[in-house]
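Undergrad: Keeping their order, the protein sequence lines are chains A and B. Mapped onto the numbering used here, the consecutive letters of the first sequence carry residue numbers 1 to 174. Mapped onto the numbering used here, the consecutive letters of the second sequence carry residue numbers 1001 to 1242. Ideal Cβ placement from N, Cα and C applies to all residues, glycine included.
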Amino acid sequence: MNEIDQLGQLYLFRSVPRAALRDLVSLAPPTRFAAGLTVFEEGSSADVALLLIDGRLVATVGQGGGAKQVGDIRPGEIVGEQGLFVPGGLRSARVMAAEPSTALLVTPELMDHASRNPAIVALEQHLLGTLARRIRATNQAIQLAWKTDTSAVSESVARPRTLRERLSSLFGGG
Amino acid sequence: MTETNRQPSALLSQATELLASHPVRGVKASDLARVLSACTLQRMSTGDVLCSEGDPGDAMYFLLDGAIQVSRTDPHGRVRALALIRSPAVVGHMALIDHSPRSATCAAEGRTAVASLDRRTWSRILHEPSERGMALRRVLCASLTRQLVGANRNIRDLVNGPPSKPTTRTTRSTDRGHKSALDPGGNIARHDVVEEFDASETDLVRVAGVLDGWRIDQSSLRAADQLQHVFDEDQQRNRRNR
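1. Does DSSP put glutamate 1131(B) in a helix, in a strand, or in coil?
2. Between the beta-carbon of valine 25(A) and the beta-carbon of alanine 49(A), is there less than 9 Å?
3. Thinking just about the alpha-carbon of each residue, which of Val1139(B), Gly1133(B), Ala1108(B) is nearest to the one in glycine 1047(B)?
4. Assuming glutamine 1042(B) is part of the alpha helix (DSSP H), what are its boundary residues?
5. Could you compute how far the alpha carbon of alanine 1095(B) sits from the alpha carbon of methionine 1060(B)?
6. Can the beta-carbon of glutamine 1042(B) be found less than 9 Å from the beta-carbon of alanine 1115(B)?
7. Does at least one heavy atom of the ligand ATP sit under 8 Å from the Cβ of leucine 110(A)?
8. What in chain B is Cβ-close to glycine 191(A), meaning under 7 Å?
9. From the beta carbon of glutamine 125(A), is the nearest beta carbon of chain B less than 9 Å away?
10. Take proline 75(A) as the anchor and find which of Leu144(A), Phe13(A), Gln140(A), Asn139(A) has the nearest alpha-carbon.
11. Helix, strand or coil: how does DSSP classify glutamine 1007(B) here?
12. Under 9 Å, Cβ to Cβ, is there at least one residue of chain B near valine 153(A)?
13. Please specify which runs of the beta strand (DSSP E), each continuous and at least 3 residues long, are wholly inside the segment 1070-1121 of chain B, giving them in chain order.
14. Nearest to glycine 88(A) by CA position, among Asn2(A), Asp72(A), Asp47(A), Pro118(A), is which residue?
15. At a CB-CB cut-off below 8 Å, which residues of chain A make contact with valine 1035(B)?
16. Looking at chain A, is there any beta carbon in it that lies within less than 9 Å of the beta carbon of glutamine 1147(B)?
17. What separation, rounded to the nearest whole angstrom, lies between the Cα atoms of aspartate 1055(B) and cysteine 1106(B)?
18. Name, please, each residue of chain A whose Cβ falls closer than 7 Å to the Cβ of alanine 1151(B).
19. Quick one: what does DSSP say glutamine 140(A) is sitting in, helix, strand or coil?
20. Span of the beta strand (DSSP E) holding glutamine 82(A)?
21. Using the C-alpha atoms, what's the distance from glutamine 125(A) back to leucine 10(A)?
22. Of all the residues that make up the segment 95-117 of chain A, which are near chain B by a beta-carbon distance shorter than 7 Å?
23. Checking 9 Å against the spacing of the C-beta atoms, do isoleucine 1068(B) and valine 1091(B) come in under that value?
24. How about glycine 89(A): is its C-beta nearer than 9 Å to some C-beta of chain B?
25. Please tell me whether leucine 131(A) has its Cβ less than 9 Å away from any Cβ of chain C.
26. What are the boundary residues of the alpha helix (DSSP H) that leucine 24(A) is part of?
27. List the residues of chain A that valine 1244(B) touches, going by C-beta distances under 8 Å, in chain order.
28. Find the residues of chain A that neighbour aspartate 1098(B), judging by a C-beta separation of less than 7 Å, and give them in chain order.
29. Name the one or two DSSP bridge partners that aspartate 54(A) has.
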């Protein structure tokens, strides 16, 4: 299966003509990442996003033993998009390839150059849905941190007690 | 008063102000002006309601002039102010994107001008492979990105503690203890500050407000029952949307 076929199988491109996908691939050839390779470093400049075509990526925050996995990115998902529309952003997490992976590198320049390409239109619509889902998921995690009842926790079980610890267990860091 | 928003020079000026206040990469003012031209202009006075808590989202709004008071009703039926949003701003878009009901009531504060984009027109423009379609999509993506990045930054501050500053002594007190640990004049190790710090309920509500696109006025968030109400409402809403 070639890269255009792989893109065509992604749900976000279900209505996009093959010719538009061919144009997209000619402008942004897919990049391959070996398993274990760090794709984005936490705190680095957020100047490019990745649309995962094949494989799996994981996002973590924090260092060493305190690192926490906060994302599991599957084909069709986009990661690192915050620099596409808002200038000056930094990576909020480290992203690495959990297995051999192939991704489309999406830059602001690509999106400007191909703004009328139906694939880019579909990508922007997909991003809207992705961002909205992340906002709702974060909201639910905050509610979980707030609602967690620590009064009934057995002393023999080590569980987060303070709000700070609960947030840390949900979002990483600390 | 409602009118169609059609004066080209005014539209360009309004779009320029919106983009100056909320920069969006790759969007020209002329393209955003084409989005505004599809809106209905509403001129409002103090107390005029733009949208009500719990209502379905039938439009999004570009706040062009004046200000909007955001409020929610607490369990005792009291209306509590959450935030005052000043122009220029984009509000009410989450309800269109994820079909959630309005999370708060928005009412004009003083003389206010709002460009309303109804759901049907919004959906049509959103799917257009045109410059104005791109402008709308990117303005929305940028707004959601800011909400998410702002909330993530707040969460990180709550987890890691505030940035360390010179202090002379430390004090243990409330769940806002990090503030009292920041007396000027001396030095304190960052982990010492963190040891004293814990997030408060108000901190969490502020993050939730940033996520919803509101800038929460902390002074209006004192009552614990109100905080509980905010989260109960959100949980019910999320359940309905699943």
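TA: For this structure:
1. DSSP, reduced to helix, strand and coil, places glutamate 1131(B) within a helical segment of the structure shown.
2. Result no, Cβ atoms of valine 25(A) and alanine 49(A) do not sit closer than 9 Å.
3. Just measuring C-alpha positions, the residue of Val1139(B), Gly1133(B), Ala1108(B) sitting nearest glycine 1047(B) is Ala1108(B).
4. Careful: glutamine 1042(B) lies outside any alpha helix (DSSP H), inside the beta strand (DSSP E) at 1040-1044.
5. Straight-line Cα distance between these residues: approximately 8 Å.
6. Yes, they are a contact pair.
7. You won't find the ligand ATP in this model; it holds no ligand whatsoever.
8. With chain A running from 1 to 174 in the structure shown, residue 191(A) is simply not present.
9. Closer than 9 Å to some Cβ of chain B, the Cβ of glutamine 125(A) qualifies, so yes.
10. Proline 75(A) has its Cα closest to that of Phe13(A), out of Leu144(A), Phe13(A), Gln140(A), Asn139(A).
11. In the structure shown, glutamine 1007(B) sits in coil (DSSP, three-state: anything other than H, G, I, E or B).
12. Residue confidence is low: valine 153(A) scores 44 on pLDDT, short of 50, so the model does not pin down where it sits. Its coordinate-derived value is still stated next. Closer than 9 Å: no.
13. Segments of the beta strand (DSSP E) lying fully in the segment 1070-1121 of chain B: 1079-1086, 1089-1091, 1105-1118.
14. Looking at the Cα atoms, Asp47(A) is the closest of the given residues.
15. Within chain A, no residue has its beta carbon less than 8 Å from that of valine 1035(B); the closest one is some 14 Å off.
16. At least one chain A Cβ lies under 9 Å of glutamine 1147(B).
17. So the two alpha carbons sit approximately 11 Å from each other.
18. Under the 7 Å cutoff, chain A gives Thr138.
19. It is helical.
20. Premise fails: glutamine 82(A) lies in the alpha helix (DSSP H), 82-85, not in any beta strand (DSSP E).
21. Roughly 14 Å separates the two Cα atoms.
22. If the cut-off is 7 Å between Cβ atoms, the segment 95-117 of chain A has Pro108, Met111, Asp112, Ser115, Arg116 near chain B.
23. Yes, they are a contact pair.
24. So, interface residue.
25. Going by chain labels, chain C is absent from the structure shown, which instead holds the protein chains A and B.
26. Its alpha helix (DSSP H) spans residues 18-27.
27. Given that chain B is displayed from residue 1001 to residue 1242, the structure contains no residue 1244(B) and the question cannot be resolved.
28. Simply Ala132, Arg136.
29. Paired residues: Thr102(A).
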